[in-house]
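Numbering (our numbering), first residue to last: 50 to 205.
The beta-carbon is built from N, C-alpha and C at its ideal position, and this holds for glycine as well.
All values reported here derive from a predicted model rather than from experimental measurement.
Have a look at this one:
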(Lines of atoms letter the chains of each structure in order from A; the text may use other names.)
(Lines give C-alpha, C1' and ligand atoms only; values in the text may rest on other atoms or scores of the structure.)
Protein backbone atom coordinates (compact mmCIF):
# COMPACT_ATOMS: atom_id res chain seq x y z
CA UNK A 50 0.00 0.00 0.00
CA UNK A 51 1.21 3.48 -0.84
CA UNK A 52 -0.02 6.97 -0.04
CA UNK A 53 -0.62 7.39 -3.78
CA UNK A 54 -3.03 4.43 -3.77
CA UNK A 55 -4.83 5.80 -0.72
CA UNK A 56 -5.23 9.24 -2.33
CA UNK A 57 -6.48 7.60 -5.55
CA UNK A 58 -9.20 5.68 -3.70
CA UNK A 59 -10.18 8.76 -1.66
CA UNK A 60 -11.03 10.58 -4.91
CA UNK A 61 -13.25 7.82 -6.31
CA UNK A 62 -17.05 7.95 -6.03
CA UNK A 63 -17.30 4.28 -5.01
CA UNK A 64 -15.18 5.04 -1.93
CA UNK A 65 -16.98 8.28 -1.03
CA UNK A 66 -17.60 8.50 2.72
CA UNK A 67 -15.18 5.64 3.47
CA UNK A 68 -12.68 6.29 6.26
CA UNK A 69 -8.94 6.25 5.71
CA UNK A 70 -8.72 3.38 8.21
CA UNK A 71 -11.05 1.24 6.11
CA UNK A 72 -9.30 2.18 2.85
CA UNK A 73 -5.98 1.17 4.40
CA UNK A 74 -7.57 -2.10 5.61
CA UNK A 75 -8.74 -2.84 2.05
CA UNK A 76 -5.45 -1.82 0.43
CA UNK A 77 -3.60 -4.27 2.68
CA UNK A 78 -5.66 -7.05 1.06
CA UNK A 79 -5.47 -5.94 -2.57
CA UNK A 80 -3.11 -7.05 -5.27
CA UNK A 81 -1.52 -4.99 -8.03
CA UNK A 82 -2.11 -6.26 -11.56
CA UNK A 83 0.10 -5.10 -14.41
CA UNK A 84 -0.63 -5.45 -18.11
CA UNK A 85 1.32 -4.43 -21.20
CA UNK A 86 -0.39 -2.89 -24.24
CA UNK A 87 -2.60 -5.49 -25.90
CA UNK A 88 -2.94 -7.72 -22.82
CA UNK A 89 -6.32 -8.36 -21.21
CA UNK A 90 -7.31 -7.81 -17.60
CA UNK A 91 -10.21 -10.14 -18.33
CA UNK A 92 -12.35 -11.32 -21.22
CA UNK A 93 -16.08 -11.30 -21.83
CA UNK A 94 -17.54 -14.48 -20.32
CA UNK A 95 -14.76 -14.97 -17.73
CA UNK A 96 -15.68 -15.74 -14.13
CA UNK A 97 -16.05 -12.43 -12.27
CA UNK A 98 -15.07 -11.92 -8.63
CA UNK A 99 -13.18 -8.62 -8.48
CA UNK A 100 -13.10 -5.01 -9.55
CA UNK A 101 -10.06 -3.06 -10.69
CA UNK A 102 -8.98 0.52 -10.04
CA UNK A 103 -6.68 1.79 -12.77
CA UNK A 104 -3.59 3.42 -11.24
CA UNK A 105 -1.67 4.00 -14.47
CA UNK A 106 -2.40 3.62 -18.14
CA UNK A 107 -5.42 3.43 -20.36
CA UNK A 108 -7.76 0.53 -21.19
CA UNK A 109 -10.53 -0.14 -23.68
CA UNK A 110 -13.79 -1.90 -22.90
CA UNK A 111 -14.76 -4.36 -25.63
CA UNK A 112 -17.90 -6.31 -26.50
CA UNK A 113 -18.34 -9.06 -29.06
CA UNK A 114 -21.39 -9.21 -31.29
CA UNK A 115 -22.02 -11.29 -34.39
CA UNK A 116 -18.39 -12.31 -34.64
CA UNK A 117 -16.96 -8.79 -34.35
CA UNK A 118 -15.28 -6.91 -31.53
CA UNK A 119 -16.48 -3.39 -30.68
CA UNK A 120 -14.89 -0.80 -28.40
CA UNK A 121 -17.65 0.64 -26.22
CA UNK A 122 -15.51 2.84 -23.97
CA UNK A 123 -12.04 3.76 -22.80
CA UNK A 124 -10.89 4.41 -19.25
CA UNK A 125 -7.86 5.99 -17.63
CA UNK A 126 -6.20 6.61 -14.30
CA UNK A 127 -8.66 6.67 -11.40
CA UNK A 128 -11.42 4.82 -13.25
CA UNK A 129 -12.69 1.48 -12.06
CA UNK A 130 -13.97 -1.46 -14.08
CA UNK A 131 -15.38 -4.86 -13.28
CA UNK A 132 -17.57 -3.60 -10.43
CA UNK A 133 -20.62 -5.46 -11.69
CA UNK A 134 -18.82 -8.61 -10.48
CA UNK A 135 -19.42 -7.47 -6.91
CA UNK A 136 -23.13 -6.91 -7.51
CA UNK A 137 -24.45 -9.66 -9.78
CA UNK A 138 -21.87 -12.50 -9.62
CA UNK A 139 -22.40 -13.22 -13.34
CA UNK A 140 -19.69 -13.83 -15.94
CA UNK A 141 -17.96 -10.75 -17.33
CA UNK A 142 -20.18 -8.80 -19.72
CA UNK A 143 -17.23 -7.25 -21.57
CA UNK A 144 -13.49 -7.57 -22.08
CA UNK A 145 -10.93 -5.05 -20.81
CA UNK A 146 -7.68 -4.69 -22.77
CA UNK A 147 -4.72 -2.44 -21.99
CA UNK A 148 -4.06 0.23 -24.62
CA UNK A 149 -0.70 0.99 -22.98
CA UNK A 150 1.28 -0.31 -20.00
CA UNK A 151 -1.17 -0.39 -17.07
CA UNK A 152 -1.18 -0.93 -13.36
CA UNK A 153 -4.42 -1.61 -11.48
CA UNK A 154 -5.45 -2.34 -7.91
CA UNK A 155 -7.47 -5.57 -7.76
CA UNK A 156 -10.16 -5.70 -5.05
CA UNK A 157 -12.07 -8.96 -4.71
CA UNK A 158 -15.45 -9.82 -3.26
CA UNK A 159 -13.55 -11.81 -0.62
CA UNK A 160 -11.61 -8.66 0.37
CA UNK A 161 -14.91 -6.84 0.86
CA UNK A 162 -16.38 -9.75 2.84
CA UNK A 163 -13.48 -9.36 5.28
CA UNK A 164 -14.49 -5.72 5.66
CA UNK A 165 -18.04 -6.81 6.50
CA UNK A 166 -16.67 -8.63 9.57
CA UNK A 167 -14.72 -5.54 10.62
CA UNK A 168 -17.13 -2.71 9.81
CA UNK A 169 -20.58 -3.58 8.39
CA UNK A 170 -21.55 0.09 8.06
CA UNK A 171 -18.56 0.92 5.83
CA UNK A 172 -19.12 -2.30 3.88
CA UNK A 173 -22.71 -1.20 3.24
CA UNK A 174 -21.56 2.29 2.21
CA UNK A 175 -19.23 0.83 -0.44
CA UNK A 176 -22.06 -1.26 -1.87
CA UNK A 177 -24.40 1.74 -1.85
CA UNK A 178 -21.72 3.71 -3.72
CA UNK A 179 -21.33 0.85 -6.22
CA UNK A 180 -25.08 0.88 -6.77
CA UNK A 181 -25.03 4.65 -7.38
CA UNK A 182 -22.17 4.32 -9.87
CA UNK A 183 -23.96 1.56 -11.76
CA UNK A 184 -27.16 3.61 -11.70
CA UNK A 185 -25.27 6.60 -13.17
CA UNK A 186 -23.94 4.40 -15.96
CA UNK A 187 -27.40 2.96 -16.59
CA UNK A 188 -28.81 6.48 -16.92
CA UNK A 189 -26.10 7.27 -19.49
CA UNK A 190 -26.99 4.15 -21.47
CA UNK A 191 -30.72 4.94 -21.25
CA UNK A 192 -29.99 8.41 -22.64
CA UNK A 193 -28.00 6.92 -25.53
CA UNK A 194 -30.79 4.44 -26.29
CA UNK A 195 -33.38 7.20 -26.24
CA UNK A 196 -31.37 9.37 -28.63
CA UNK A 197 -30.73 6.42 -30.98
CA UNK A 198 -34.47 5.62 -30.97
CA UNK A 199 -35.42 9.21 -31.76
CA UNK A 200 -32.84 9.41 -34.55
CA UNK A 201 -34.12 6.11 -35.99
CA UNK A 202 -37.72 7.36 -35.96
CA UNK A 203 -36.71 10.67 -37.53
CA UNK A 204 -34.88 8.84 -40.33
CA UNK A 205 -38.01 6.85 -41.30
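Excluding the 5 residues preceding and the 5 following residue i in the sequence, name in chain order all residues of the same chain whose CB lies nearer than 7 Å to its CB.
i, result
"residue 161", "135, 172 and 175"
"residue 140", "94, 95, 96 and 97"
"residue 168", "71"
Note down, in chain order, each residue of its chain lying with its Cβ closer than 6 Å to the Cβ of residue i, except the 5 sequence neighbours on either side.
i, result
"residue 58", "64 and 72"
"residue 82", "153 and 155"
"residue 4", "What the structure shows of the chain is the stretch from 50 to 205, and residue 4 is not part of that stretch, so it cannot be assessed."
Give the single residue among the options whose Cα lies nearest to the Cα of residue i.
i, options, result
"residue 178", "129, 54 and 84", "129"
"residue 163", "98, 111, 74 and 62", "74"
"residue 86", "140, 106 and 205", "106"
Taking the alpha-carbon positions, what's the residue i to residue j distance?
i, j, result
"residue 183", "residue 203", "30 Å"
"residue 121", "residue 112", "7 Å"
"residue 92", "residue 77", "26 Å"
"residue 114", "residue 145", "15 Å"
"residue 88", "residue 137", "25 Å"
"residue 109", "residue 190", "17 Å"
According to DSSP, residue i sits in a beta bridge with which residue or residues?
i, result
"residue 118", "113"
"residue 139", "Its beta-bridge partners do not exist; DSSP assigns none."
"residue 93", "Answer is none; residue 93 lacks a bridge partner."
Just to check my reading of the structure: residue i and residue j have Cβ atoms closer than 8 Å, yes? What is that Cβ distance to the nearest angstrom?
i, j, result
"residue 61", "residue 102", "7 Å"
"residue 99", "residue 157", "4 Å"
Leaving aside the five residues before and after residue i along the sequence, list all residues of the same chain whose C-beta is less than 8 Å from its C-beta, in chain order.
i, result
"residue 150", "83, 84, 85, 86, 105 and 106"
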